[in-house]
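Beneath this line is the structure, given in structure tokens, with notes to follow.
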Amino acid sequence: MNNYINPFEGERANALSDDEVLQFYIEDNTYARFIRSKRNIFLVGERGCGKTMALRYNSFGVLCKKAKQDGQDIDFSTIGIHISGSSILHKQEYLLLVDDFRRSITCEHFLVLSIMWEIANSLCKATEIQDAIKQESDRLLQDFEYILGFELKKEYDFFTVVRNFTLHEARLTQNKINRYDSDEFYDNTMSFSSTIIPFIELIKSISIFNNSHFLLMIDDAQTMNEYQIKILNSWIAYRDHANLSFKVATTKVDRPKFITSTGGTILEGHDFTSIDMEKPFQNPDSDFYILAKKIVKKRLELIGLNNTEAEDFFPEHPNFTKDIEACKDFVREEAEDKYTDGANKKINDYIYKYARAKYYRDRLEKGKANMPPYCGFKMIVAVSTGIIRNLLEPCFFMFDLASSNKDIDIEKIDCSIQNQIIIEKSKELWTFINEGLDSSVENCSREQAKQISQLFNNLMILFRNRLKSHKSEPRAITFTVSQKTTHEKTYNQVKKLLDIARKSQILYTRTSRSKDDGKLETYYTPNRLLFPSLGLDPEGQHARASLKASDLWNAAERNTPIPYGDDNETVKQQTLFDNYE
Amino acid sequence: MNDILIIFPSWEERSILGFQRDIEQYSNLSDVVLFKFEVSAHPVKTDNNISEIKSMCPNKNIVFNDIVIPNSEVEKWRKLEDFAKNLNVNANIYVDITTMPRSIIWTLFFFFKQKYKQVTVIYHKPRSYSDTWLSKDPDIPQLLFKHSGIIEFGKPTTLFVLAGYDEDRVIQLINYYEPQNVIVGECNQRKSCKYGIAKPEIFDIDEYDTTWGYNTIEPKIKNILETSNLIVASLGPKTGAISIYQCFMKYSQIALSYVPCKEFNIDYCNGIGEQFIKTIDMKV
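First to last, the protein sequences are chains A and B. All residue numbers for the first sequence refer to the working numbering, where the first residue is 1 and numbers rise by one. All residue numbers for the second sequence refer to the working numbering, where the first residue is 1001 and numbers rise by one.
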């Protein structure tokens, strides 16, 4: 076993090789089904939730490797082409062009080149394809020259020639637009309809591709400029899905608008389907927990721990387990006294709500010396808030620390190390909220940073108060925001702060149906990593607190406590660290 | 022949103190061109400094011109383009980069490269830096117009940063560009920063040495370009920004990135220290 490899390294999908993607990815049939369908799909989720991994896994190159690994034939029915947010798409010279049309076609040209390169590069590597096009290369090149209106250098096979041509075009375009004059414009721009569509049709004339469907998988759409977004939306609005479809990965916050180049709109359901990548993660039966276990197990195989479960590698503190059980027993007695008819569901619900609450409540009352141990795989999953990158990062630091302390092979991570890293990262996140938002987060002013800091501090005071004394849902750490229509201005002010918090990844959202009227509602979940350094329970429960926009705004703007009205207790001005100073 | 000094004063003391040095040292100056943003940080102090600079000119028979630079990136570019076009091609150009934003430095150099064989650059170090923050409320990182390099498909991206005291800015660049490789140059005197999980390759650089760090960074950049696309940012002393531009003049496939910020710490540095002067050959 090799302990010089940190198995939790490489938590950014863009940094992984195809082999590593194949090695690390946990296949999810739901996503595969959508990604490999002929529908246009938006994969939506915050940074680190697994969008790029899902796209890369379904790319032709990776699936070819998988087929070879499994001893199977390559499946040509779907050809996944991953187009990442390359730096070429960050170029801004188009802004110097006065003419809006020229701006648009310059942006489209770079997008088209990116797609064409990725298609050609993906297909030029497989020897099966090389063999299939050997006889047809001349014909293909001739037809493609006709499409482009250029002569091509015919030194290599068709796809290699196209790849080299695209590289050459990209270089020529960039050299031209980088020249001295502000309105330098590359005349030989290519468009999707004049280049990509006929290119794909040409590829489909090759026998092995006759029935292929091309999945154009565009990553990081939230970083695209306004022209690229409109162009992409126009492509999505394109009616014919026989040959190709789009799979677009984007974050929730900063999700691109749906307007097309001609001022129309693409419609959910009609033009595309959205898939929320952020899975429920509340408990060990949840999709995310199961996925997290599989991810960790795969990673542990890298260091030779082939049969080690995640819960064994990240064990829970025995005292924690024992004390939680003791709390369950205590609360069970309460429940049995209350529900004398022996209704098991009611008793179990009661235990679910109050056992952990009692555990954390008791410790809050005893103060700093009795902080709960934050360790165990369940705890790591809880503080990840359902985001894969947030799961792997603390694991990385835990393993790093464990490696530095030991000369022997690591078979598990001590509770003390797990606790140390979780508390450390929790404190760092608070430092970021209280001191760093306006330094690091784009377009967050000093005032907004202060408001968000005050808001989050007051939210935690609220959650602590609820934990200590709420009668029905003491562990609710998710909230919705009310007064959307009655206090529109205040609601929008609060929403702006919450959006910055989401961009900063200190807040996540889920959409669910409201119990009251069945309408879709946004549930806000603070990054669960915030809870440990305050001695609070990051696991939470299936419940949400409905908070008024006006109360949230007062908390943010004036640092006033968020009213807590479970009983008639007056909320006193508190600081967040009362119990621990 | 005109000797023209171009300056971009800020609220800092060294804006005035440096200008005093400049006009003493270059007694043949005929013109001073002063740039200021439409909306500048710490406008009251900045305007006071500008007034004082302006008041020093008549005694030295210097013609004072001020040019308001729009905050919008496109209009900023066009303004500087117009300015450079109208400059006398026979003039000797002196640029005091002390408090000049890097994007302005690089943009000016782009236009000067078309017209002048050489430009003299002046930089006044502060006496000291404060321990607290330097800049806040950043915008998204930008690739400078006409300096976005030649990006080659299929090549990994390396982010090459000359770090300053603003560790947050380095992390912001890493998070925005998500490069495959990160290389950070740190000044010896600066604390060794953590850059989150990125674990970049770190190298030492002295941007105040005789080459302003050029001899350190040029071979590294040349090496990186053999296998990687390269985005370069300068967050340390402005002398490093000049060395980076010299590298760009040699390797135009480099992309130059900067992060506009809206807020700066009024106390981020004090007084005036050593002066650095270099004549840059613009015809590389």
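Just so it is clear, CB atoms sit at the ideal spot from N, CA and C, and this is done for glycine as well. Just so you know, these numbers come straight off a predicted model, no measurement behind them.
- If you ignore the 5 residues before and after A/Glu278, its C-beta comes within less than 6 Å of the C-beta of Gly45, Cys49 and Gly386, all in its own chain and listed in chain order.
- Rounded to whole angstroms, the separation of the alpha carbons of A/Phe60 and A/Asn211 is 15 Å.
- Its Cα nearest to that of A/Glu539, the residue A/Lys378 stands out among A/Lys378, A/Tyr94 and A/Lys66.
- Scanning its chain for C-beta atoms nearer than 6 Å, with the 5 sequence neighbours on each side dropped, one finds around B/Ala1241 the residues Arg1102, Ile1105 and Ser1234, in chain order.
- A residue is called buried once 16 or more other Cβ atoms fall within 10 Å of its Cβ, and A/Ile266 is buried on that count.
- Each residue's CA atom was taken as its position, placing A/Glu118 and A/Tyr374 some 45 Å apart.
- Taking 4 residues as the shortest admissible run, the stretch 352-424 of chain A contains the following complete alpha helix (DSSP H) segments, listed from N- to C-terminal end: 377-384 and 388-405.
- At a cut-off of 9 Å between C-beta atoms, B/Pro1126 does not count as an interface residue with respect to chain A.
- The beta carbons of A/Val161 and A/Glu169 sit no closer together than 9 Å.
- Those residues of the stretch 411-444 of chain A placed with their C-beta closer than 7 Å to a C-beta in chain B are Gly436, Asp438, Ser439, Ser440, Glu442, Asn443 and Cys444, ordered along the chain.
- Assigned with DSSP and collapsed to three states, A/Phe246 falls in strand.
- Judged by DSSP secondary structure, B/Pro1179 falls outside any beta strand (DSSP E); it is assigned neither H nor E.
- Comparing C-alpha distances from A/Thr251 to each of A/Leu552, A/Ala545 and A/Leu43 shows the shortest one belongs to A/Leu43.
- DSSP places A/Ser482 inside the beta strand (DSSP E), whose first and last residues are Phe479 to Ser482.
- In this structure, B/Ile1151 and A/Ile88 form a Cβ contact; the two beta carbons are roughly 4 Å apart against a cut-off of 8 Å.
- The residue from B/Val1259, B/Asn1265, B/Ile1202 and B/Tyr1123 with its alpha-carbon nearest to that of B/Pro1237 is B/Tyr1123.
- Around the CB of A/His270, fewer than 16 other CB atoms lie within 10 Å, so the residue is classed as exposed.
- At a cut-off of 9 Å, the C-beta of B/Phe1145 has a neighbouring C-beta in chain A.
- For A/His90, a Cβ of chain B is located within less than 9 Å of the residue's own Cβ.
- Per DSSP, the beta bridge partners of B/Cys1261 are B/Pro1138.
- Per the coordinates, the alpha-carbon of A/Thr560 lies some 13 Å from the alpha-carbon of A/Ile452.
- Between B/Cys1269 and B/Ser1135, the beta carbon gap of about 12 Å keeps them out of contact (Cβ cut-off 8 Å).
- Among the residues of chain B, none has a CB under 7 Å from the CB of A/Tyr227; the nearest is roughly 14 Å distant.
- Residue-level contact check: A/Leu95 touches chain B, since one or more beta carbons of chain B fall below 9 Å from its beta carbon.
- Taken through DSSP and simplified to helix, strand or coil, A/Phe463 comes out as helix.
- Under the three-state reduction of DSSP, A/Pro526 is assigned to strand.
- By the Cβ rule, the stretch 411-422 of chain A does not count as touching the stretch 349-359 of chain A, because fewer than three pairs are nearer than 8 Å.
- In this chain, the alpha helix (DSSP H) harbouring A/Ile200 covers Ile197 to Lys204.
- Going by beta carbons, A/Phe396 and A/Glu145 fall outside the 9 Å limit.
- A/Gly565 counts as exposed, since fewer than 16 other C-beta atoms from the protein chains shown sit within 10 angstroms of its C-beta.
- For A/Asn178, no alpha helix (DSSP H) run applies, since DSSP gives it neither H nor E.
- Nearest CB-CB separation between A/Asn554 and chain B: not below the 9 Å threshold.
- No Cβ of chain B is located within less than 9 Å of the beta carbon of A/Asn188.
- Cα atoms of A/Arg179 and B/Lys1146: separation of roughly 7 Å, rounded to the nearest angstrom.
- DSSP places A/Glu442 outside both helix and strand once states are collapsed to three, so it counts as coil.
- Here DSSP, grouped into helix, strand and coil, assigns A/Ala54 to helix.
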